[in-house]
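Counting the sequence shown from 1 gives a position; my numbering is that position plus 1095.
C-beta: ideal position from N, C-alpha, C; glycine also.
The model shown is predicted, which means the values in this text are computed figures rather than measured ones.
Remarks on the structure that follows.
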Amino acid sequence: MKQVYSQVSPVVPKPFVKWAGGKRQLIPILNENLPENFGTYYEPFIGGGALLFHILTDRNDQKCSISDLNSDLVLAYTTIRNRIDDLILSLKNHEKNYHKDSKSYYYSVRESNPRSEIEKTSRLLFLNRTCFNGLYRVNSKGKFNVPLGRYSNPNIVNEDNLRSVSNILQTTQVSIKCRDFEAVLRDVKKGDLVYFDPPYQPVSNTANFTSYTNKDFTDKDLERLADLCNRLDSKGCKVLLSNSDSKQVSDIFSEKPWKVNRIQANRSINSNSKKRTGHFELLIKNY
Ligand SMILES: C[S@@+](CC[C@H](N)C(=O)[O-])C[C@H]1O[C@@H](n2cnc3c(N)ncnc32)[C@H](O)[C@@H]1O
């Protein structure tokens, strides 16, 4: 059940998690590449949802459908929408305990396995704010395994932004699902827009490794994605896709109707700060 919203925040909503591959820095160029008109907006690899929040801030009557395979992340979206007051209380409790003994508290929360949706979501947000580099990474058993970060005063309860995200999710038409990206095909109609921002194919063997779920995104998944893009194109959907600047990807999308643009991007999550410099990635579309 939705809560009665008591305190409307004037803050513009932005991603409530730091997420590897987050698109905040690319919003201007993604915005320029959106089609002028489209039906429902679909984002099947939602992550932190940078483009979603941008679109909803610009047009709050836009119908949207978001999904991701990471069930904790998807739960966070619905908990923030439905139970913001309880969530903020729980996060404030984490904040208080963290300030007593950050190291032992961080590892005790990392080892914990809460059952309730409030506790699960506040654990995810707390770990995201206090772990090394705000990285989300799980091992093959799905267990979060990032060490404690080096922050003197992390912003554990970003209340204004959380309330703003809650407000926009309550007052707009956004459907939120936990599922594999291919399921989007069942829902789309002609004229809808689908933006894909999948885990990237590594550009080199030494490239940073990120695991958002306990299943890696393999070459087979990339083939499934390419095939899905073609099927969406045949259905008359508009498709926008981000990916790494690799020959493998540009070869897959080398034929009509696909247009491949190389764009400059910055990565803010890289364990080596010297590598957090500009690099190129691909933006591919069929319109
Ligand atoms: C690059 S991130 C998306 C970043 C997002 N655009 C942002 O601005 O933060 C990729 C997302 O894909 C999700 N994912 C991985 N495999 C998936 C699959 N097979 N189906 C759906 N989502 C998947 C991950 O959990 C992760 O959240």
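Please classify residue i as buried or exposed, where buried requires at least 16 neighbouring CB atoms within 10 angstroms.
{"i": "residue 1182", "result": "buried"}
{"i": "residue 1285", "result": "exposed"}
{"i": "residue 1261", "result": "buried"}
{"i": "residue 1375", "result": "exposed"}
{"i": "residue 1202", "result": "exposed"}
{"i": "residue 1281", "result": "exposed"}
{"i": "residue 1259", "result": "buried"}
{"i": "residue 1256", "result": "buried"}
For residue i, does the three-state DSSP call read helix, strand or coil?
{"i": "residue 1163", "result": "strand"}
{"i": "residue 1260", "result": "helix"}
{"i": "residue 1319", "result": "helix"}
{"i": "residue 1357", "result": "strand"}
{"i": "residue 1324", "result": "helix"}
{"i": "residue 1102", "result": "Note that residue 1102 scores a pLDDT of 49, beneath 50, so its modelled location is shaky and nothing firm can be said."}
{"i": "residue 1375", "result": "strand"}
{"i": "residue 1108", "result": "coil"}
{"i": "residue 1342", "result": "helix"}
{"i": "residue 1150", "result": "helix"}
{"i": "residue 1137", "result": "strand"}
{"i": "residue 1122", "result": "helix"}
{"i": "residue 1289", "result": "strand"}
{"i": "residue 1251", "result": "coil"}
{"i": "residue 1276", "result": "helix"}
{"i": "residue 1221", "result": "helix"}
Going by the CB atoms, is the gap between residue j and residue i shorter than 8 Å?
{"i": "residue 1223", "j": "residue 1232", "result": "no"}
{"i": "residue 1225", "j": "residue 1244", "result": "yes"}
{"i": "residue 1264", "j": "residue 1122", "result": "no"}
{"i": "residue 1377", "j": "residue 1345", "result": "yes"}
{"i": "residue 1118", "j": "residue 1146", "result": "yes"}
{"i": "residue 1251", "j": "residue 1186", "result": "yes"}
{"i": "residue 1287", "j": "residue 1116", "result": "no"}
{"i": "residue 1276", "j": "residue 1320", "result": "yes"}
{"i": "residue 1339", "j": "residue 1382", "result": "no"}
{"i": "residue 1435", "j": "residue 1379", "result": "In the structure as shown, the chain starts at 1096 and stops at 1382, and residue 1435 therefore has no counterpart that could be examined."}
{"i": "residue 1124", "j": "residue 1358", "result": "yes"}
{"i": "residue 1120", "j": "residue 1360", "result": "yes"}
In whole angstroms, what is the alpha-carbon distance linking residue i and residue j?
{"i": "residue 1228", "j": "residue 1143", "result": "15 Å"}
{"i": "residue 1198", "j": "residue 1311", "result": "30 Å"}
{"i": "residue 1152", "j": "residue 1108", "result": "8 Å"}
{"i": "residue 1247", "j": "residue 1195", "result": "13 Å"}
{"i": "residue 1331", "j": "residue 1325", "result": "10 Å"}
{"i": "residue 1237", "j": "residue 1205", "result": "12 Å"}
{"i": "residue 1220", "j": "residue 1148", "result": "18 Å"}
{"i": "residue 1111", "j": "residue 1254", "result": "10 Å"}
{"i": "residue 1210", "j": "residue 1170", "result": "12 Å"}
{"i": "residue 1327", "j": "residue 1313", "result": "21 Å"}
{"i": "residue 1154", "j": "residue 1106", "result": "16 Å"}
Measuring CB atoms only, is the segment 1136–1149 touching the segment 1282–1299, in the sense that at least three cross pairs come out at less than 8 Å? Judged by pairs of C-beta atoms under 8 Å, the segment 1136–1149 touches the segment 1282–1299, as three or more such pairs exist.
Count the C-beta pairs between the segment 1175–1189 and the segment 1205–1225 that are closer than 8 Å, then say yes if the count reaches three, no if not. The segment 1175–1189 vs the segment 1205–1225: in contact.
At least 3 beta-carbon pairs within less than 8 Å: the segment 1322–1340 vs the segment 1121–1134: Flag = yes, the segment 1322–1340 and the segment 1121–1134 touch.
Report yes or no: do three or more beta-carbon pairs, one from the segment 1158–1174 and one from the segment 1254–1273, lie closer than 8 Å? As far as the Cβ criterion goes, the segment 1158–1174 touches the segment 1254–1273, which means the pair count is three or higher.
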